[in-house]
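Numbering (the working numbering), first residue to last: 5 to 60. Cβ coordinates follow ideal geometry from the N, Cα and C atoms, glycine included. Note that the structure is a prediction, hence the values are computed from the model and not measured. Notes to accompany the following structure.
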């Protein structure tokens, strides 16, 4: 039995355009601009970062 990661993040470059693809638990891919991905990452760190630090 294989264990899949709870989420996946990939960078896709198409010519001069870069997209960040995010997928969680088999859902459809969400395509973000790099700026949107940064904003989302910062929001997640602000919101959930403490929980991660406590688990260490």
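- Closest option to residue 20, judged by alpha-carbon separation, among 30, 26, 29 and 37: 37.
- For residue 21, the uninterrupted beta strand (DSSP E) segment begins and ends at 21 to 28.
- Annotated three-state conformation of residue 33 is coil, per DSSP.
- Excluding sequence positions up to five before and after residue 28, its CB lies within less than 7 angstroms of the CB of 10 and 11, all in the same chain and listed in chain order.
- Beta-carbon to beta-carbon, residue 22 and residue 14 are separated by about 11 angstroms, too far to satisfy the 8 angstroms threshold.
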